[in-house]
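Visitor: Residue numbers (the working numbering), protein chains in the order written: chain A, 49 to 381; chain B, 208 to 619.
(1) With a threshold of 7 Å between beta-carbons, can residue 560(B) be considered close to chain A, or not?
(2) Along the chain, where does the alpha helix (DSSP H) that runs through residue 102(A) open and close?
(3) What's the gap between the Cα of residue 590(B) and the Cα of residue 569(B)?
(4) Return the chain-ordered list of same chain residues with a C-beta closer than 6 Å to the C-beta of residue 280(A), the five sequence neighbours on each side being excluded.
(5) Could you say if the stretch 241 to 254 of chain B and the stretch 310 to 324 of chain B meet the contact criterion of at least three C-beta pairs nearer than 8 Å?
(6) Pick helix, strand or coil for residue 273(B), following the three-state DSSP scheme.
(7) Considering residue 290(B), what are the terminal residues of the alpha helix (DSSP H) in which it resides?
(8) Got a sec? Which residues, its chain only, sit under 7 Å from residue 255(A) by beta carbon, not counting five neighbours each side?
(9) Would you mind listing the alpha helix (DSSP H) stretches within the stretch 405 to 439 of chain B that are 4+ residues and don't spill past its ends, in chain order?
(10) CB-CB under 7 Å to residue 280(B), same chain, minus the five flanking residues each way: which ones, in chain order?
(11) Can residue 303(B) and residue 295(B) be called in contact, C-beta distance under 7 Å?
(12) Can you tell which of 225(A), 232(A), 118(A) has the C-alpha that lies nearest to the C-alpha of residue 177(A)?
(13) Measure the alpha-carbon distance for residue 404(B) versus residue 562(B) and round it to whole angstroms.
(14) Would you list, in sequence order, the uninterrupted alpha helix (DSSP H) runs of no fewer than 4 residues that lie entirely inside the stretch 187 to 234 of chain A?
(15) What is the DSSP secondary structure of residue 366(B), counted as helix, strand or coil?
(16) Using DSSP's beta-bridge definition, name the partner residues of residue 249(B).
(17) So the alpha helix (DSSP H) residue 343(B) belongs to, where does it begin and stop?
(18) Strictly below 9 Å CB to CB, what residues from chain B border residue 347(A)?
(19) So, at 7 Å on beta carbons, what are the nonlocal neighbours of residue 350(A) in its own chain, with the 5 sequence-adjacent residues on each side left out?
(20) Of all Cβ atoms in chain B, is any one closer than 7 Å to the Cβ of residue 181(A)?
(21) Alpha carbon to alpha carbon, what distance is there between residue 183(A) and residue 133(A)?
(22) What residues are listed by DSSP as bridge partners for residue 387(A)?
(23) Taking the beta strand (DSSP E) that residue 442(B) falls in, what are its first and last residues?
(24) Are the beta-carbon atoms belonging to residue 165(A) and residue 306(A) less than 7 Å from one another?
(25) Candidates 262(B), 283(B), 536(B): which alpha carbon is nearest residue 242(B)'s?
(26) Are the C-beta atoms of residue 391(B) and some chain A residue less than 7 Å apart?
(27) So is residue 210(A) in contact with chain B if we call contact Cβ pairs under 7 Å?
(28) Return the residue from the list 250(A), 266(A), 270(A), 94(A) that minimises the CA-CA distance to residue 217(A).
(29) Taking residue 518(B) as the reference, which of 532(B), 448(B), 429(B) has the closest Cα?
(30) Just confirm the distance between the C-beta atoms of residue 446(B) and residue 478(B), as a whole number of angstroms; I'd bet it's less than 8 Å.
(31) Give a yes or no on whether the minimum CB-CB distance between residue 492(B) and chain A is below 7 Å.
(32) If you count every other CB in all the chains shown that lies within 10 Å of the CB of residue 494(B), and 16 or more means buried, which is it?
(33) Quick check: the stretch 262 to 270 of chain A against the stretch 82 to 99 of chain A, are at least 3 beta-carbon pairs closer than 8 Å?
(34) Quick check: what's the CA-CA separation for residue 526(B) versus residue 299(B)?
(35) For residue 371(A), is the classification buried or exposed, using 16 other Cβ atoms within 10 angstroms of its Cβ as the cut-off for buried?
(36) When the Cβ atoms of the stretch 237 to 245 of chain A are set against those of the stretch 130 to 144 of chain A, are three or more pairs found closer than 8 Å?
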């Protein structure tokens, strides 16, 4: 019963077809709902949803590393910061169009992630977690140090992008769609990558590194690539978040952010692509919910909810949904 | 056909209802947040996170508006005070500001706390033309009537306070050698700037050592050791409470006994002075602008008695030794004054106009003689302070009020 979820277990053929159709229908329904939201929600809510999507991209990135590849990072807030600042600096200092800043963030974070991944590879498990935590701690200070570029402690405002004139959307609606589109694109890329040869190698390294090596997987290269890819996703998320918040400062990227991201991945569900969205909902809305329960000790509520999540849904929110889905389909068939 | 008809009639009902709601809320003023019976005010506070101790200000403000509402409100309007947590993170501050302005439709945002949070919402508030009134931070940049006419501070700016120390030092110890410990952010940098402006041409000669720290540093031990080794005889301690305590204790441990100036941010007895111990704290100088509950000279002061009665009745869970509760009471009173002065024209523009038109306003819990003055070109409400020396148990005021407004001139 408690065997680990393995991606390439194949159910009976007939069941797969039916499942796949239902799943596809569900996904299209959700997507239609997401596209309808801008016409029924306030700008403020759209801003919140855009934040959810940005977090979801970051969680997706972190999940590739932690969920699929088994490397724990407590430093992804740093890549989120690099992405945010890349966008801010490119727009404010160099007047580059905001659309170009996303791929630049992605490439830059891929490079930093890959380079950081190379030495960090020699560290396993908790040691890697600590090394990445150092990254999370140092980035705010590095940002303050290069104040000619980053605006120092004052931070930088990022102008809100206007929608292309033909679309007649207000800035919040436009950002919502932009973030949603990027999220979808990156989800599809992640899905394709992880389903194929590369994904199998990545997962094999997680489950049994020695066996993977023996099978001819270049562990060091794949782990570094995985780190780079993960950082790249998180960087793009940081760029989008900077656009929707309209402000970056070193205080926006405290070490707590990295921990929050990791918590989001685990709550959403390790090694699950849809889990990223569920985790992002937790990251975005749980602090406010905790405050509504108790103004005196919101963090205690937050902590209690985390522990509750771990007990009630050990496979994360996505694992729980999967479980419910299986029960439901068994009942129906 | 039938369906379209039904939808159409439903739409008509809905639009009629919407029109009614709009006219009900908008009958009185063009701006949102005001009705005949209510003024809706927003606020953002760090109730959670690294500086949650400041949360008492939010609870104090709420308690003051409860008292005000019990007494009938302002011109028959009750204050509806909505206060949200941002955990001291800029992204959440933006989220809460948007929630207040767009969803809750407040008239303005009052006393949002923290320099990073206020910086994050600065542009948004000014773009939206919604007052960001009496922000709870001493950063000097809030007084920018030209670039940011919808934002105003309240407490003495950090530069103003530092200027006051510099004036005192020039007068009493002109040959001092000063060592500075500062937090590596706006707060620290502002402070040093004001201090050097106050010293003028003597600054280069007098300030002999500077050390910075990050709020994430575990201790400031090495910085204090470096400052001691510089041979300075004056120590300007520009730190937040946790680090202030560390710095004071470490200086005492090392046997360094300079004349110490401690920023007003960290004068709390319960979190800094008492834990540091009498030996380490005796003789430290700071600048104050509010009356202190623990100062016996106000024992029979009617204003203090009134404040204390308010605390007991409306905020009994609050700590009367906590100066933030005096602060909350006073800044709320300033706001009430502005709203009364605005009369029935409760538009956002008029609220801002009246906030920039305070003339010689004295408040019961400000130190005697301190007057709040603002004008369309002066967005710095409080600019006078009085020095106080710690005697091992409490702060004892000494000397005259010192006016720090001249720092504005030297800034130009």
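Quick reminder that beta carbons are idealized off the backbone N, C-alpha and C, glycines included.
Guide: Looking at the atomic coordinates:
(1) Residue 560(B) sits at position 353 when you count from the first residue of the second chain. No - not a single Cβ of chain A is within 7 Å of the one on residue 560(B).
(2) In the first chain, the residue the question calls residue 102(A) occupies position 54. 91 to 111 is the span of the alpha helix (DSSP H), which, as asked, contains residue 102(A).
(3) The residue you call residue 590(B) lines up with position 383 of the second chain. The residue you call residue 569(B) lines up with position 362 of the second chain. If you take the alpha carbons of residue 590(B) and residue 569(B), they lie about 12 Å apart.
(4) Locating residue 280(A) in the first chain gives position 232, counting from the first residue. Here the set comprises 154, 157, 158.
(5) yes
(6) Along the second chain, read from residue 1 onward, the residue named residue 273(B) stands at position 66. Helix.
(7) As a position in the second chain, residue 290(B) is number 83, starting the count at 1. Looking at the DSSP string, residue 290(B) is not in any alpha helix (DSSP H); the run it does join, the beta strand (DSSP E), is 285 to 292.
(8) If you number the first chain from 1, residue 255(A) lands on position 207. Answer for residue 255(A): no residue qualifies.
(9) 410 to 413, 428 to 436
(10) Start at 1 with the first residue of the second chain, and residue 280(B) comes out as number 73. Once the five neighbours on either side are set aside, the close Cβ partners of residue 280(B) are 286.
(11) Working through the second chain from its first residue, we reach residue 303(B) at position 96. Working through the second chain from its first residue, we reach residue 295(B) at position 88. In this structure, residue 295(B) does not lie closer than 7 Å to residue 303(B) by Cβ.
(12) The residue you call residue 177(A) lines up with position 129 of the first chain. Taking only the C-alpha atoms, the option nearest residue 177(A) is 118(A).
(13) The residue you call residue 404(B) lines up with position 197 of the second chain. The residue you call residue 562(B) lines up with position 355 of the second chain. Whole-angstrom Cα-Cα distance: 28 Å.
(14) 195 to 198
(15) Within the second chain, residue 366(B) is the residue found at index 159, counting from 1. The answer is helix: DSSP assigns residue 366(B) an H, G or I state.
(16) Here residue 249(B) refers to the residue found at position 42 of the second chain. Residue 249(B) pairs with 289(B), 316(B).
(17) By 1-based counting over the second chain, the position of residue 343(B) is 136. Taken as a continuous stretch (DSSP letters only), residue 343(B) belongs to no alpha helix (DSSP H), as it is neither H nor E.
(18) As a working mapping, residue 347(A) is identified with position 299 in the first chain. What residue 347(A) touches in chain B: 255, 256, 259, 294.
(19) Position 302 of the first chain holds residue 350(A). Within the same chain, residue 350(A) has close Cβ partners 334, 335, 338.
(20) Residue numbering aside, residue 181(A) sits at position 133 when the first chain is read from its first letter. Taking Cβ atoms only, chain B never reaches closer than 7 Å to residue 181(A), which makes this a no.
(21) Position 85 of the first chain holds residue 133(A). Position 135 of the first chain holds residue 183(A). Approximately 16 Å between the Cα atoms of the pair.
(22) Look at the range of chain A in this structure, 49 to 381, and you will see that residue 387(A) is not part of it.
(23) Translated into the one-based positions of the second chain, residue 442(B) becomes position 235. Its beta strand (DSSP E) spans residues 441 to 445.
(24) Within the first chain, residue 165(A) is the residue found at index 117, counting from 1. Within the first chain, residue 306(A) is the residue found at index 258, counting from 1. Cβ distance not < 7 Å, so residue 165(A) and residue 306(A) don't count as in contact.
(25) Locating residue 242(B) in the second chain gives position 35, where the first residue counts as 1. Ranking 262(B), 283(B), 536(B) by Cα distance to residue 242(B) puts 283(B) first.
(26) Residue 391(B) sits at position 184 when you count from the first residue of the second chain. Residue 391(B) counts as touching chain A.
(27) The residue labelled residue 210(A) in the question sits at position 162 within the first chain. Not one chain B Cβ lies under 7 Å of residue 210(A).
(28) Taking the first chain and counting its residues from 1, one reaches residue 217(A) at position 169. When only C-alpha atoms are compared, the closest one is 94(A).
(29) Locating residue 518(B) in the second chain gives position 311, where the first residue counts as 1. Checked all of 532(B), 448(B), 429(B); the closest Cα to residue 518(B) is 532(B).
(30) If you number the second chain from 1, residue 446(B) lands on position 239. If you number the second chain from 1, residue 478(B) lands on position 271. Rounded, the Cβ-Cβ distance is 12 Å, inconsistent with contact.
(31) Position 285 of the second chain, counting from 1, holds the residue named residue 492(B). Closer than 7 Å: no.
(32) Here residue 494(B) refers to the residue found at position 287 when the second chain is read from its first residue. When all chains shown are included, residue 494(B) counts as buried.
(33) no
(34) For the purposes of this step, residue 526(B) is identified with residue 319 of the second chain, where counting begins at 1. For the purposes of this step, residue 299(B) is identified with residue 92 of the second chain, where counting begins at 1. So the two alpha carbons sit approximately 28 Å from each other.
(35) The count along the first chain starts at 1 and reaches residue 371(A) at position 323. With fewer than 16 other Cβ atoms within 10 Å, it is exposed.
(36) no
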